[in-house]
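S.K.:
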Amino acid sequence: MATSATGVEQALIDGFRETLRGDLIRPDDPEFDEARAIYNAMIDKRPGLIAECTSVADVVAAVNFGREHDLDLAIRSGGHNGPGLALVEDGLVIDLSGMTGIRVDPDARTVTVEPGCTWGDVDHATNAFGMATVSGIVSTTGVGGLTLGGGHGYLTRKYGLTVDNLVGADVVLADGSLVHASEEEHPDLFWALRGGGGNFGVVTNFEFQLHPVDTVVAGPMFWPIDELETTMKWYREWLPRQPDDVYAFYLTAEVPGPPFPEEIHGEKVCGLMWCYLGDEDETDEVLQPARDVAEPLFEHVGEMPYPALQSMFDDLYPPGDQLYWKGDFVYDLTDEAIAEHEQFAEVPTTQSTMHLYPIDGAVHDVDADGTAWATRDATWSMVIVGVDSDPEMVEEITDWARNYWEAVHPHSADGAYINFMMEEGEDRIRATYGDNYERLREVKAEYDPENLFHVNQNIEPTTR
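Convert by adding 732 to the 1-based position in the sequence shown; the result is the number in my numbering.
Written out as C-alpha cells, the structure reads:
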C-alpha cells in the first residue's frame, strides 16, 4: 500500500483528513512551501504533514493521529521560535494559526485568547477597553509560544511576566483528552505551563488578567556607541532604583532608514527603549538623568497608544529574514561584562542587536517555586541576535552572536529565557529551571509519560 513521507499508509492519512475541519497539507500540495514557512528563514524543515487546525476537535484528532502512528509532533502558534521548533522533519505539524478567537470581559478585566492569535491581535482587542496584559516587543509574535516560555516585555516591571497574568488554560493532553488548568483545576499542570514551554500538551485557550493600560509614554533614545561604557554603568545603578512605572531596556544597534533622520542613518548606537506608565507631566523628570549622563544623539519619546509601541519593531523584523540568537539571565552588569559588551558593540548588520530587558520589579514579587519560571531574582533577560535578509550573511551573523555570547556568558547566569535559546541541550535547560526542574519532570510524567510532546526545549519525564 502507498505510504507518505511519514511512513503512514496513504489510506490512513486520507481518513485523518476527513476528520478535520481545517486543511491537511502534504509535501506534494502546491501550498506546502507556504504552509511550512516560519519567521526564521534560516530554518528549512519539511514536515510529512501539516494539520491546519481550526477547532479544539481538530487539535484532538491531530494529537490522537500523531500518537497512534508514532509521529514526531511539532506545535505551531505564531512561528517565531528561533530554532524552528514549530516544525519537524517528516513528522506532523499541528498548526494553530487558524484558531484566532478573542473575547474581552471588561468587567472581570480578562481576555480569553485562542493560540493562533498574535499579540497584535490581542492588543487591538483589549485597547478598545483601555486595557492590556504583559507580552513581548514585536506584535507579530504568537501568543502560545511566548506565554508558555514565560513572557516578558514593556509591562513586566509593573505587572510581572506574561505567565504571572495567566488565569487559566484549556489543554489537549497526550492521550487526546481536554482539561482546564488553573489554580483550582489541575494546579500542578497550571504551575508547569507557566514557563515550562510546550512540554505538557497543546493549549487551545488562554485566559489572561488585564490591566488599565491605554496610552503610554514611550520611544527610543540613542547615544553614540562610544558612550556605551558610561551609559551602561549608569543604567545598571539607575534602573533597579526606579519605581515599577518606569521601564527601559538597554540596546546596541545600527540606526536604520526612515522614519529616523537621514543624518543618523547607519550610525552605530547604544540607547534605551522607554515605556513609562506614570504621569505624563513627570516624563521629563524621569528621562532627564539619561540625558545628563551623556548627550543623546537622537530622542523621540512621547505619548502613544500601547499597541503603537508594541508594533514599533514590526517593520524592522519582518518574517523571512535569517536569524540566530542567544540569551542569558543577568544579575549584575559588572565592569568586566561591560568591557566585553564594548568589544562587540558595533553590530554586523542593521537588524542585529543586543537587548537587556528588565525582569525585576513585579517579577521579584513571586517566589522562585511559584511557577515553572525559576529565575525570580535576576535583573535582566539578555538577548544577542544576528539578523539579516541575505542568506549569504548567515555565517557572519551567527558567528557574531555566538562569539558575543561566549564573551559575556561567564558574567551571566547559567540559564536563560527559553524563548531566547536555540537547541542548546539538556544541561542548559536544567540550568534554566534550576530547582524547579525535577518537579517539572514529575508533572511531565503525569501528563505526558511517553514524551509525545518533545519537539521543544524538552523536559524528559521521570521514569515510572
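Backbone N, C-alpha and C define an ideal beta-carbon position, used for all residues, glycine too.
Considering only residues of the same chain and omitting the five flanking positions on each side of ALA1100, which have a CB-CB separation below 8 Å?
M.R.: As a first step, residue 1100 is located in the sequence shown; it is residue number 368 there, counting from the start. Taken in chain order, the residues that qualify are ALA1106, THR1107, ARG1108, ASP1109, GLY1166, ASP1167 and ASN1168.
S.K.: Relative to the ligand FMN, is the shortest distance from any of its heavy atoms to the C-beta of VAL978 smaller than 7 Å?
M.R.: The ligand FMN is not part of the structure shown, which contains no ligands of any sort.
S.K.: Could you spell out the range, first to last residue, of the beta strand (DSSP E) harbouring PHE922?
M.R.: Counting from 1 along the sequence shown, the entry for residue 922 is found at position 190. That residue, PHE922, is in no beta strand (DSSP E); its alpha helix (DSSP H) goes 919-925.
S.K.: Taking the Cβ atom as the reference point for each residue, do MET964 and ILE1070 lie within a distance shorter than 8 Å?
M.R.: Taking the first residue of the sequence shown as position 1, residue 964 is located at position 232. Taking the first residue of the sequence shown as position 1, residue 1070 is located at position 338. In this structure, ILE1070 lies closer than 8 Å to MET964 by Cβ.
S.K.: Since ALA985 sits in a beta bridge, which residues does DSSP pair it with?
M.R.: Position 253 of the sequence shown holds residue 985. VAL1001.
S.K.: Under the three-state reduction of DSSP, which class applies to GLY900: helix, strand or coil?
M.R.: In the sequence shown, residue 900 corresponds to position 168, counting from 1. GLY900 falls in the strand class under three-state DSSP.
S.K.: Can you grab the Cα-Cα spacing for the pair LYS1058 / GLY1052, in whole Å?
M.R.: In the sequence shown, counting from the first residue as 1, residue 1058 sits at position 326. In the sequence shown, counting from the first residue as 1, residue 1052 sits at position 320. The alpha-carbon atoms of LYS1058 and GLY1052 are separated by roughly 19 Å.
S.K.: Assuming TRP851 is part of the alpha helix (DSSP H), what are its boundary residues?
M.R.: Numbered from 1 along the sequence shown, position 119 holds the residue referred to as residue 851. Here the alpha helix (DSSP H) through TRP851 covers 851-859.
S.K.: Can you tell me whether ASN813 is buried or exposed, with buried defined as 16 or more other CB within 10 angstroms of its CB?
M.R.: If you number the sequence shown from 1, residue 813 lands on position 81. Answer is buried; the Cβ neighbour count reaches 16.
S.K.: What does a CB cutoff of less than 8 Å around SER787 pick up in its chain, not counting 5 residues either side in sequence?
M.R.: Within the sequence shown, numbered from 1, the residue matching residue 787 stands at position 55. Only ARG753, GLY754 and MET831 meet the Cβ criterion.
S.K.: Give me the residue from ALA767, ASP790 and ASN772 with the minimum Cα distance to PRO779.
M.R.: Within the sequence shown, the letter at position 47 stands for residue 779. If we check each option's Cα against that of PRO779, ALA767 comes out closest.
S.K.: Is there contact between the stretch 736-747 and the stretch 787-806, where contact requires at least three CB pairs shorter than 8 Å?
M.R.: Result yes; three or more Cβ-Cβ pairs closer than 8 Å.
S.K.: Under the assumption that LEU824 contacts GLY848 (Cβ atoms under 8 Å), give the Cβ distance between them as a whole number of angstroms.
M.R.: Taking the sequence shown and counting its residues from 1, the one referred to as residue 824 is at position 92. Taking the sequence shown and counting its residues from 1, the one referred to as residue 848 is at position 116. Not a contact, Cβ separation roughly 17 Å.
S.K.: State the start and end residues of the unbroken beta strand (DSSP E) segment that holds ILE782.
M.R.: By one-based count along the sequence shown, residue 782 stands at place 50. Where ILE782 is concerned, the enclosing beta strand (DSSP E) stretches over 781-784.
S.K.: Roughly how many angstroms separate the alpha carbons of LEU1029 and VAL845, rounded to a whole number?
M.R.: For the purposes of this step, residue 1029 is taken as the residue at position 297 of the sequence shown. For the purposes of this step, residue 845 is taken as the residue at position 113 of the sequence shown. Looking at the two C-alpha atoms, the distance is approximately 41 Å.
S.K.: Go through its chain and collect everything with a Cβ distance to GLY874's Cβ below 7 Å, but skip five positions before and after it.
M.R.: For this step, residue 874 is matched to residue 142 along the sequence shown. The residues are SER809, GLY810, GLY811, HIS812 and THR850.
S.K.: Note down, in chain order, each residue of its chain lying with its Cβ closer than 7 Å to the Cβ of GLU1128, except the 5 sequence neighbours on either side.
M.R.: What you label residue 1128 is simply residue 396 of the sequence shown in a count that begins at 1. Around GLU1128: PRO1080.
S.K.: Considering only the beta carbon of each residue, do ILE869 and GLY885 sit closer than 8 Å?
M.R.: Sequence index remark: in the sequence shown, residue 869 carries index 137 (1-based). Sequence index remark: in the sequence shown, residue 885 carries index 153 (1-based). Yes, these two residues count as a Cβ contact at 8 Å.
S.K.: What does LYS1058 pair with, by DSSP beta-bridge criteria?
M.R.: Counting from 1 along the sequence shown, the entry for residue 1058 is found at position 326. For LYS1058, which the question treats as bridged, DSSP gives the partners ILE1116.
S.K.: Within 8 Å, do at least three Cβ pairs link the stretch 884-899 to the stretch 967-983?
M.R.: The stretch 967-983 is in contact with the stretch 884-899.
S.K.: Anyone know if the C-beta pair for ASN796 and LYS1176 falls short of 8 Å?
M.R.: One-based indexing of the sequence shown puts residue 796 at position 64. One-based indexing of the sequence shown puts residue 1176 at position 444. Cβ atoms of ASN796 and LYS1176: not closer than 8 Å.
S.K.: Under a Cβ-count criterion, where at least 16 other Cβ atoms within 10 Å of its own Cβ denotes burial, should THR1111 be classed as buried or exposed?
M.R.: As a position in the sequence shown, residue 1111 is number 379, starting the count at 1. The residue is buried, with at least 16 neighbouring Cβ atoms inside 10 Å.
S.K.: May I have the straight-line CA-CA distance separating ASP1024 from GLU995, to the nearest angstrom?
M.R.: Position 292 of the sequence shown, counting from 1, holds the residue named residue 1024. Position 263 of the sequence shown, counting from 1, holds the residue named residue 995. If you take the alpha carbons of ASP1024 and GLU995, they lie about 23 Å apart.
S.K.: Taking DSSP as the reference, what is the three-state secondary structure of GLU994?
M.R.: Here residue 994 corresponds to residue number 262 of the sequence shown, with the count starting at 1. Of the three classes helix, strand and coil, the one that applies to GLU994 here is helix, per DSSP.
S.K.: Within a Cβ cutoff of 6 Å, which residues of the same chain sit near THR1194, ignoring the five residues on either side of it in sequence?
M.R.: By one-based count along the sequence shown, residue 1194 stands at place 462. Around THR1194: ARG1173, GLU1174 and ALA1177.
S.K.: Please report how far the alpha carbon of ARG749 lies from the alpha carbon of LYS777, in whole angstroms.
M.R.: Locating residue 749 in the sequence shown gives position 17, counting from the first residue. Locating residue 777 in the sequence shown gives position 45, counting from the first residue. Their Cα atoms are separated by approximately 22 Å.
S.K.: With a CB to CB cut of under 6 Å and the five nearest residues on each side skipped, what residues in its chain are close to THR947?
M.R.: Against the sequence shown, residue 947 aligns to sequence position 215. Closer than 6 Å at the Cβ level, and outside the excluded window around THR947, lie GLU1035 and PRO1037.
S.K.: Indicate whether the contact test is met: 3 or more Cβ pairs, each with one atom in the stretch 1146-1154 and one in the stretch 892-911, closer than 8 Å.
M.R.: No, the stretch 1146-1154 does not touch the stretch 892-911.
S.K.: My guess is that VAL895 and GLY883 are in contact by the Cβ rule of under 8 Å, so how many angstroms apart are they, rounded?
M.R.: For the purposes of this step, residue 895 is taken as residue 163 along the sequence shown, with counting starting at 1. For the purposes of this step, residue 883 is taken as residue 151 along the sequence shown, with counting starting at 1. Contact holds; Cβ gap of about 6 Å.
S.K.: Can you tell which of PHE764, LEU817 and ILE757 has the C-alpha that lies nearest to the C-alpha of GLY929?
M.R.: As a working note, residue 929 is residue 197 in the sequence shown. If we check each option's Cα against that of GLY929, LEU817 comes out closest.
S.K.: Going by beta carbon distance, what residues of the same chain come within less than 8 Å of CYS1007, once the five residues before and after it are set aside?
M.R.: One-based indexing of the sequence shown puts residue 1007 at position 275. Hits under 8 Å: TYR886, LEU887, VAL948, VAL949, ALA950, TYR979, ALA980 and LEU1041.
S.K.: Are the Cβ atoms of THR858 and VAL836 separated by less than 8 Å?
M.R.: One-based indexing of the sequence shown puts residue 858 at position 126. One-based indexing of the sequence shown puts residue 836 at position 104. Yes, Cβ-Cβ distance for THR858 and VAL836 is below 8 Å.
S.K.: What residue from TYR1136, PRO956, ASP1097 and TYR1063 has the CA that sits closest to MET1086's CA?
M.R.: Residue numbering aside, residue 1086 sits at position 354 when the sequence shown is read from its first letter. Ranking the options by Cα distance to MET1086, first place goes to TYR1136.
S.K.: Could you check if GLU1124 is buried or exposed, using at least 16 other CB atoms within 10 Å of its CB as the buried criterion?
M.R.: The residue given as residue 1124 occupies position 392 in the sequence shown. Exposed is the call here.
S.K.: Below 8 Å on the Cβ atoms is my contact criterion, and I expect VAL1098 with GLY892 to pass it. Report the Cβ-Cβ distance as a whole number of Å.
M.R.: Within the sequence shown, the letter at position 366 stands for residue 1098. Within the sequence shown, the letter at position 160 stands for residue 892. Sure, about 7 Å apart at Cβ, within 8 Å.
S.K.: Since MET1154 is in the beta strand (DSSP E), which residue starts that stretch and which ends it?
M.R.: Numbered from its first residue, the sequence shown carries residue 1154 at position 422. Per DSSP, MET1154 belongs to no beta strand (DSSP E) and is neither H nor E.
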